[in-house]
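Peer 1: Those protein sequence lines, which keep their order, are chains A and B.
One gets my numbering by counting positions in the first sequence from 1 and adding 658 to each.
One gets my numbering by counting positions in the second sequence from 1 and adding 22 to each.
We treat Cβ as the ideally placed atom computed from N, Cα and C, and that holds for glycine.
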Amino acid sequence: MDIGKDLVAASATPLVLAILSEGESYGYAIIKRVEELSGGELQWTDGMLYPVLHRLERNGLVTASWGRSEPGRRRKYYRLTDQGSEELANQQRQWQVINDTLRSTPFKLFQLAPQGI
Amino acid sequence: MAHVGGMQVLEERIDEWRRYLSRRQAIDATDVDELEDHLRSQVADLQEAGLDEEEAFLIGVKRLGELDTLSREFAREHSERLWKRLVVAEAEEGGAKWSREALVALGLAVAAALAIKVPALFGLSLNGPEAAQLFYARNFSFFVLPFLAGFFAWKRGMSSAGLLGLAAPFILGVLAVNLLPFDPGGYTEVLAALHLPMALWLAVGIGYAGGAWRSHERRMNYVRFSGEWFIYYVLIALGGGVLMMFTVFIFGAIGLDVEWLLESWILPCGVVGAVIIAGWLVEAKQSVIENMAPVLTQLFTPLFTIMLMAFLATMVWTGSGIDVEREVLIGFDLLLVLVVGLLLYAISARDPKAQPGFFDALQLVLVICALLVDAMALWAILARLSAFGFSPNRVAALGENLILVVNLGWSAVLYTRFLRKRAGFAPLERWQTAYLPVYAVWAWIVVVIFPLVFGFR
Numbered sequence: 659m660d661i662g663k664d665l666v667a668a669s670a671t672p673l674v675l676a677i678l679s680e681g682e683s684y685g686y687a688i689i690k691r692v693e694e695l696s697g698g699e700l701q702w703t704d705g706m707l708y709p710v711l712h713r714l715e716r717n718g719l720v721t722a723s724w725g726r727s728e729p730g731r732r733r734k735y736y737r738l739t740d741q742g743s744e745e746l747a748n749q750q751r752q753w754q755v756i757n758d759t760l761r762s763t764p765f766k767l768f769q770l771a772p773q774g775i
Numbered sequence: 023m024a025h026v027g028g029m030q031v032l033e034e035r036i037d038e039w040r041r042y043l044s045r046r047q048a049i050d051a052t053d054v055d056e057l058e059d060h061l062r063s064q065v066a067d068l069q070e071a072g073l074d075e076e077e078a079f080l081i082g083v084k085r086l087g088e089l090d091t092l093s094r095e096f097a098r099e100h101s102e103r104l105w106k107r108l109v110v111a112e113a114e115e116g117g118a119k120w121s122r123e124a125l126v127a128l129g130l131a132v133a134a135a136l137a138i139k140v141p142a143l144f145g146l147s148l149n150g151p152e153a154a155q156l157f158y159a160r161n162f163s164f165f166v167l168p169f170l171a172g173f174f175a176w177k178r179g180m181s182s183a184g185l186l187g188l189a190a191p192f193i194l195g196v197l198a199v200n201l202l203p204f205d206p207g208g209y210t211e212v213l214a215a216l217h218l219p220m221a222l223w224l225a226v227g228i229g230y231a232g233g234a235w236r237s238h239e240r241r242m243n244y245v246r247f248s249g250e251w252f253i254y255y256v257l258i259a260l261g262g263g264v265l266m267m268f269t270v271f272i273f274g275a276i277g278l279d280v281e282w283l284l285e286s287w288i289l290p291c292g293v294v295g296a297v298i299i300a301g302w303l304v305e306a307k308q309s310v311i312e313n314m315a316p317v318l319t320q321l322f323t324p325l326f327t328i329m330l331m332a333f334l335a336t337m338v339w340t341g342s343g344i345d346v347e348r349e350v351l352i353g354f355d356l357l358l359v360l361v362v363g364l365l366l367y368a369i370s371a372r373d374p375k376a377q378p379g380f381f382d383a384l385q386l387v388l389v390i391c392a393l394l395v396d397a398m399a400l401w402a403i404l405a406r407l408s409a410f411g412f413s414p415n416r417v418a419a420l421g422e423n424l425i426l427v428v429n430l431g432w433s434a435v436l437y438t439r440f441l442r443k444r445a446g447f448a449p450l451e452r453w454q455t456a457y458l459p460v461y462a463v464w465a466w467i468v469v470v471i472f473p474l475v476f477g478f479r
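(1) Helix, strand or coil, according to DSSP, for A722(A) in the structure here?
(2) Candidates W223(B), A198(B), V338(B) and A221(B): which alpha carbon is nearest E211(B)'s?
(3) Just reading off the alpha helix (DSSP H) that L186(B) is part of, what are its end residues?
(4) Tell me whether L156(B) sits in a helix, a strand or coil according to DSSP, three-state version.
(5) Can you give me the Cβ contacts of F192(B) inside the same chain, cut-off strictly under 6 Å, excluding the 5 residues immediately before and after it?
(6) Taking only beta carbons into account, state which residues of the region 692 to 708 of chain A come closer than 7 Å to chain B, listed in chain order.
(7) Using 10 angstroms around the beta-carbon of Y42(B), count the other beta-carbons present and answer buried if the total reaches 16, otherwise exposed.
(8) Listing by chain order, which chain A residues have their CB less than 9 Å from the CB of D59(B)?
(9) I need the DSSP call for K663(A), collapsed to helix, strand or coil.
(10) Going by CA-CA distance only, name the one from G446(B), L407(B), Y158(B) and A135(B) that's closest to L146(B).
(11) Could you tell me which chain A residues have their CB closer than 9 Å to the CB of D37(B), listed as they occur along the chain?
(12) Do we get a CB-CB distance below 8 Å when we pair S101(B) with the residues of chain A?
(13) Any chance the CB of E75(B) is under 7 Å from a heavy atom of the ligand NAD?
(14) Could you tell me which whole alpha helix (DSSP H) segments of length 4 or greater appear in the region 204 to 260 of chain B?
(15) Does the Cβ-Cβ distance between G229(B) and A190(B) come in under 8 Å?
(16) Considering only C-alpha positions, which residue in the set R236(B), Y209(B) and V297(B) is nearest to F173(B)?
(17) Tell me which residues share the same chain as L665(A) and place their Cβ nearer than 6 Å to its Cβ, disregarding the 5 neighbours each side in the sequence.
(18) Listing by chain order, which chain D residues have their CB less than 7 Å from the CB of R713(A)?
(19) Could you check where the beta strand (DSSP E) with L738(A) kicks off and where it finishes?
(20) Classify S727(A) as helix, strand or coil using the three-state DSSP reduction.
(21) Looking at the unbroken alpha helix (DSSP H) that takes in R483(B), where does it start and where does it end?
(22) On the three-state DSSP scale, how would you describe S433(B)?
(23) Could you tell me which chain A residues have their CB closer than 7 Å to the CB of D480(B), listed as they occur along the chain?
(24) Pairing CB atoms from the region 240 to 259 of chain B with CB atoms from the region 447 to 459 of chain B, are three or more of them under 8 Å?
(25) Short check: CB of V304(B) to CB of W235(B), under 8 Å?
(26) Under a Cβ-count criterion, where at least 16 other Cβ atoms within 10 Å of its own Cβ denotes burial, should T327(B) be classed as buried or exposed?
(27) Can you name the residues that DSSP bridges to Y684(A)?
(28) What does the Cβ neighbour count give for K307(B), buried or exposed, with the cut at 16 atoms within 10 Å?
(29) So, using beta-carbon positions, are G725(A) and R733(A) closer together than 8 Å?
(30) Would you kindly check if the distance between the Cβ of A221(B) and the Cβ of V469(B) is under 8 Å?
(31) Tell me, please, whether the CB atom of A92(B) is closer than 8 Å to any CB atom in chain A?
(32) In terms of alpha-carbon separation, which member of D355(B), L366(B) and A399(B) lies closest to S342(B)?
(33) Flag S44(B) as yes if its beta-carbon sits less than 8 Å from any beta-carbon of chain A, otherwise no.
(34) What do you reckon, are the CB atoms on E422(B) and W464(B) nearer than 8 Å?
(35) Would P473(B) be called buried (16 or more neighbouring beta carbons within 10 Å of its own) or exposed?
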C-alpha cells in the first residue's frame, strides 16, 4: 500500500521520537524498526530520515553523538532528550484526538466495509 | 580472490558516490559520513540476503533517494549552508591545519607590524624629517612583502634553491634603492619608490607559485590571488578606518587624545599587518567563496565600454583634441591599466572551453575603444614631445603606455580570432600570463637603470 506523502511526513516525527524512546539508536536501525513495526507497509525514502533527525537535533528533542559500529565505522547515534520525551507525550495526545475524531465519523465504517466495493 | 576484487569494486563505488554527494552544498562532510554508514549497513544486509555487491550497492543507493530530492531536503533543514562560510567551514574540517596556518599568518603579520617600527629605534621616524620619509617611501615594500613571500614559501614548502631564487629580487631591491646615490626627492627616486612595490609584488608570485613561476596555470592563479587580495585589503582597510574613527571618538569623549598613538603605531602596523592577513584570508577561502574580482569585472566592463564610446563620440562630434597637460599621460596609462585589469580578470574567470558569447564581443569593443582613446592621447603627446624633452617621468609613462598598448593590441587580435572561431580561447590566456614578466622587467628597469641613465635626478 502506498501511503500519501503528506501523511508520511506528518507521522515521521512521532514515529522517530517513539522509536528513540525505546533507547539510543541510529539512522539505519530506525528505518529497519519502522519497517518492522509497520509490517513493511510504511516505507520511507531512506535518505529523508536524516534531515528529520537533524531538525529534531536542532530543536533539542534529540541529542547526537558519534560512536563506532561493529565493524568500526563512524556512526551517529541519536538519543531522546527530556524535551523530546515531553514532545512525544504531546504528539501522542494530538494523534489521539485525530484518531478519536476519525473513529467517531463514518470513516470508521470504511474499515468494516468489505474490500473491493 | 574474486571476493577481494569485489570488495575493492565496492570501495571504489562508495568512494565515487561520496565524492558525488560531497559536491552538494547542502550536504556537508559529516552528513556524507552518516549516509555512508547507512549505505554500508544496507549493502551488508542485502548481501546477507544473497545479492552480490553490485546489486546491493545499486539498491542501497536507490533506497537513499534521488540525489536532487535528498539535497533539497537537506537544504531545507540546513539553509545556512547555502551561504558559504569561511571561518566555520574551515574550522569544521581539518581544524589543526587551519589553526597552524592561521598562527603562522598571524605571526608574520605581527612580525611585519614590528618591522615597520624598527627604523624608529635608529631615529628614523615615520613622521620625521624629509630624509626619513624618503627612506620609508623607498623601503616600504621590504617591511611587508618579504613576510608575504615567506608565508607562501612556508606554505608551499619551497626548496632551499627556490628560496634563494625568491630572495634574490628582494636583495637586489634593497641594494638598489639604498646604495644608489639618488638626489633626495628627485624624479628617479620617486619613480623607484613607485615601481619597486610592483616589481616585488611580482616577485612574491614566485613564492606563490612555489618556485614554479614558469607554469602558466600558477601565474594565472597568482593573478586571481592578486585580485582577491586587493578586494580583501580594501575591505579590511575600510573596517580598520571605522575602528580608528571610533577609537578617536570614544577616547576623545573622556578627554584623552589618542591620535598620536594611532598615527605612529596602529595605522602603520595595521597597514602592513593587513597585507599578510588579507593574503592568508584569500588562501584560506579559496573555493569557499565565489571570487569577487571577476564579478566586479562583469559589472564594470559594460560601464567602461559605454563611457569610452561616449567619450570617442563626443570627441568626434565636437572635434576637440586631447588637451596635453602634465598629468595627461599618467591618466591615460591608468586607463590602460584598468582596461588590462578588466581583461585579465574576465579571462581568469572564463571557462576556456565555452563558446564565444556576447560578453567576449563586449570585451573586444572595450579593448578597441581603449586603444583608440590612447592612440589619440599618444599622438597628441608625441607631437609635442620635442618641446617637453625626455624627463625620467615622461619616459617612464611613455614606456608603460607602450607596454600596455602592445598587450591590448595583441589581445584585440587574439580576441578577434577567437570571436571568428579561427582559434580557441587558450592563446588569449597564455598571452596574458606570458606577458606578466614584461611588467616585472620594466619595473626593474625603472628602479635600477633609470637612476643610472638619468644621473639620479
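Peer 2: Walking through what the data contain:
(1) strand
(2) A198(B)
(3) S182 to L201
(4) helix
(5) P168
(6) T703, D704, G705, M706 and Y708
(7) exposed
(8) Y684, G685, Y686, S727, R731, R732, R733 and K734
(9) helix
(10) Y158(B)
(11) Residues of chain A passing the Cβ test: none, with the nearest at roughly 14 Å.
(12) no
(13) This structure lacks the ligand NAD; in fact it carries no ligand of any kind.
(14) 209 to 230
(15) no
(16) V297(B)
(17) none
(18) You won't find chain D in this structure, because its protein chains are A and B.
(19) R732 to L738
(20) coil
(21) For residue 483(B) there is no data in the structure shown, the boundaries of chain B being 23 and 479.
(22) helix
(23) Residue numbering for chain B in the displayed model covers 23 to 479; residue 480(B) lies beyond these limits and cannot be assessed.
(24) yes
(25) no
(26) buried
(27) Y735(A)
(28) buried
(29) yes
(30) yes
(31) Note that residue 92(B) corresponds to Leu in the displayed sequence, not to Ala. It does; some Cβ of chain A falls within 8 Å.
(32) A399(B)
(33) no
(34) yes
(35) buried
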